[in-house]
Amino acid sequence: MHVATWVSQHTLSASISLTLDALQLANQCAGRTLFTLRRVSNDGQPVTLDWCQMPVDGALPSAADADLLLIPAIGARPERVIAAQSQLIDWLRQTADSTQQRASLCSGAFLLAAAGQFDGHRVTTHWRLAEQLQQRFPAVQVCADALYCADGQRFSSAGAQAMLDLCLHLIARQGGSALAQQVADLLVFDYGRGSQQRFGSLLPATAHDQPVLAQAQQYLQQHYPQPLALDQLAATCHCSTRTLLRLFRQHLNMTPGAYQQRLRVAAAQSLLRQGQMSLEHIAEQVGYQERASLAKVFKQLTGQTPALYRRHD
Numbered sequence: 005m006h007v008a009t010w011v012s013q014h015t016l017s018a019s020i021s022l023t024l025d026a027l028q029l030a031n032q033c034a035g036r037t038l039f040t041l042r043r044v045s046n047d048g049q050p051v052t053l054d055w056c057q058m059p060v061d062g063a064l065p066s067a068a069d070a071d072l073l074l075i076p077a078i079g080a081r082p083e084r085v086i087a088a089q090s091q092l093i094d095w096l097r098q099t100a101d102s103t104q105q106r107a108s109l110c111s112g113a114f115l116l117a118a119a120g121q122f123d124g125h126r127v128t129t130h131w132r133l134a135e136q137l138q139q140r141f142p143a144v145q146v147c148a149d150a151l152y153c154a155d156g157q158r159f160s161s162a163g164a165q166a167m168l169d170l171c172l173h174l175i176a177r178q179g180g181s182a183l184a185q186q187v188a189d190l191l192v193f194d195y196g197r198g199s200q201q202r203f204g205s206l207l208p209a210t211a212h213d214q215p216v217l218a219q220a221q222q223y224l225q226q227h228y229p230q231p232l233a234l235d236q237l238a239a240t241c242h243c244s245t246r247t248l249l250r251l252f253r254q255h256l257n258m259t260p261g262a263y264q265q266r267l268r269v270a271a272a273q274s275l276l277r278q279g280q281m282s283l284e285h286i287a288e289q290v291g292y293q294e295r296a297s298l299a300k301v302f303k304q305l306t307g308q309t310p311a312l313y314r315r316h317d
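Quick note: the sequence shown, position 312, residue 316 per the working numbering, numbers continuous.
Below you can see the structure in the form of structure tokens.
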């Protein structure tokens, strides 16, 4: 597979280096060239990134004969990069009828989506950007929980190290699952990690622009293990229960009770990561009388059982 990786001043250096290192490692482990790698920039000139100057092998048009064009991560402000990369987007549109496979890493999905390359395809990106991607490009089928998506000739990966999940998928396609497992072992990386749902934040940010709501959030953050009494919470915030419920639904899209459940599960996640405290003890610590009650809510909010969450951490 001939892989061309596009590089610009917006490229995150870790995104390109981890990906190319993984594919090179696959070549070494296989004892043959499974991936031929080259880098391209819009004008064929080296690109200065945050930590280094990245040499390239040619200009963007030279990527036309690659089997796979890879668009690395571009940071957390993709709209700004879309506006600055009209040359890439125009070229992608002009070559849309080619049989070339195209892939994005993390926020790089916005550039392929802006060129219409992901229309009708299942696509993922970093969990914090998934809603923005879906709203900006409604023709894209955003799979917010997926660590990577492979849909026909289109590939995408979620945030940060999820690019390695996509690399391992490509390695398995070219050299088999045993080779992918070997590369994962050498990288000290779990092959087949599941979804990115477990990495998403359970809690919305504190609504500092809504003083009453912010006070309620802070109160629940301090008292989440205790039984919730709406009238007491409303009195603490000097408002009616009706106003309290309206603020939670309007700004957080949940009830105070649902927010408290998320606080409890987030606290349970922290305790599970810290050591071998029994689930019964954790349930008691975060406000549940039975471990089964915690396990049920934990699975609903994270997609995993507490035991599986602990094993992965």
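Ideal Cβ placement from N, Cα and C applies to all residues, glycine included. No experiment lies behind these values; they were computed from the predicted model shown.
Given the structure, does residue i come close to the ligand PLP, in the sense that its CB is under 8 angstroms from one of the ligand's heavy atoms?
{"i": "Glu294", "result": "This structure does not include the ligand PLP; it has no bound ligands of any sort."}
Check for me: the beta strand (DSSP E) holding residue i runs from which residue to which?
{"i": "Ser217", "result": "Note that residue 217 is Leu in the sequence shown, not Ser. Where Leu217 is concerned, there is no enclosing beta strand (DSSP E), although the alpha helix (DSSP H) it sits in stretches over Pro215 to His227."}
{"i": "Cys153", "result": "Tyr152 to Asp155"}
{"i": "Arg158", "result": "Arg158 to Ser161"}
For residue i, is the classification buried or exposed, using 16 other Cβ atoms within 10 angstroms of its Cβ as the cut-off for buried?
{"i": "Leu190", "result": "exposed"}
{"i": "Val192", "result": "exposed"}
{"i": "Leu207", "result": "exposed"}
{"i": "Gly48", "result": "exposed"}
{"i": "Met58", "result": "buried"}
{"i": "Gly179", "result": "buried"}
{"i": "Gln121", "result": "buried"}
{"i": "Ala119", "result": "buried"}
{"i": "Gly279", "result": "exposed"}
{"i": "Gly163", "result": "buried"}
{"i": "Asp69", "result": "exposed"}
{"i": "Asp169", "result": "buried"}
{"i": "Gln265", "result": "buried"}
{"i": "Gln98", "result": "exposed"}
{"i": "Ala209", "result": "exposed"}
My understanding is that residue i touches residue j, with C-beta atoms under 8 angstroms, so please give their C-beta distance in whole angstroms.
{"i": "Pro229", "j": "Val290", "result": "6 angstroms"}
{"i": "Asp71", "j": "Gln104", "result": "7 angstroms"}
{"i": "Leu24", "j": "Met167", "result": "Leu24 to Met167, Cβ: 10 angstroms. No contact."}
{"i": "Arg106", "j": "Arg158", "result": "6 angstroms"}
{"i": "Gln44", "j": "Leu16", "result": "As written in the sequence, residue 44 is Val, which differs from the Gln given in the question. Not a contact, Cβ separation roughly 17 angstroms."}
{"i": "Gln221", "j": "Ala211", "result": "7 angstroms"}
{"i": "Ala73", "j": "Ala67", "result": "It should be noted that the sequence gives Leu, not Ala, for residue 73. Yes, Leu73 and Ala67 are in contact; Cβ-Cβ is about 5 angstroms, under 8 angstroms."}
{"i": "Thr259", "j": "Arg253", "result": "7 angstroms"}
{"i": "Leu183", "j": "Gln214", "result": "Wrong, their Cβ atoms sit about 53 angstroms apart, outside the cutoff."}
Could you give the first and the last residue of the continuous alpha helix (DSSP H) run that contains residue i?
{"i": "Leu109", "result": "It is not in any alpha helix (DSSP H) - Leu109 instead sits in the beta strand (DSSP E) that spans Gln105 to Leu109."}
{"i": "Asp189", "result": "Ser181 to Leu190"}
{"i": "Gly261", "result": "Pro260 to Gln278"}
{"i": "Thr210", "result": "Where Thr210 is concerned, there is no enclosing alpha helix (DSSP H), given that its DSSP letter is neither H nor E."}
{"i": "Leu133", "result": "Unbroken run through Leu133: none, as it is neither H nor E."}
{"i": "Thr309", "result": "Unbroken run through Thr309: none, as it is neither H nor E."}
{"i": "Ser284", "result": "The question names Ser, yet the displayed sequence has Glu at residue 284. Per DSSP, Glu284 belongs to the alpha helix (DSSP H) from Leu283 to Val290."}
{"i": "Phe252", "result": "Thr245 to Leu256"}
{"i": "Phe114", "result": "Ala113 to Ala118"}
{"i": "Thr240", "result": "Leu234 to Thr240"}
Which ranges would you report for the beta strand (DSSP E) in the stretch 9-95 if only whole runs of at least 3 residues count? With a minimum length of 3 residues, the unbroken runs of beta strand (DSSP E) contained wholly in the stretch 9-95 fall at 40-45 and 72-75.
Is the stretch 43-53 touching the stretch 8-15 in the sense that three or more CB pairs, one from each, lie closer than 8 angstroms? The stretch 8-15, when compared against the stretch 43-53, does touch it at the 8 angstroms Cβ threshold.
Is there contact between the stretch 170-180 and the stretch 25-35, where contact requires at least three CB pairs shorter than 8 angstroms? With contact defined as three or more Cβ pairs closer than 8 angstroms, the stretch 170-180 and the stretch 25-35 are in contact.
Would you call the stretch 29-49 and the stretch 110-127 in contact, with 3 or more CB pairs under 8 angstroms? With fewer than three CB-CB distances shorter than 8 angstroms, the stretch 29-49 does not count as touching the stretch 110-127.
Take every Cβ of the stretch 229-244, pair it with every Cβ of the stretch 274-285, and state whether three or more of those distances are shorter than 8 angstroms. Contact annotation: the stretch 229-244 does not touch the stretch 274-285, with fewer than three C-beta pairs closer than 8 angstroms.
Quick test of the definition: if touching needs 3 or more C-beta pairs under 8 angstroms, does the stretch 126-134 touch the stretch 94-104? Counting Cβ pairs under 8 angstroms, fewer than three are found: no touch.
Per the contact definition of three or more C-beta pairs closer than 8 angstroms, is the stretch 295-308 in contact with the stretch 276-286? Short answer: they touch.
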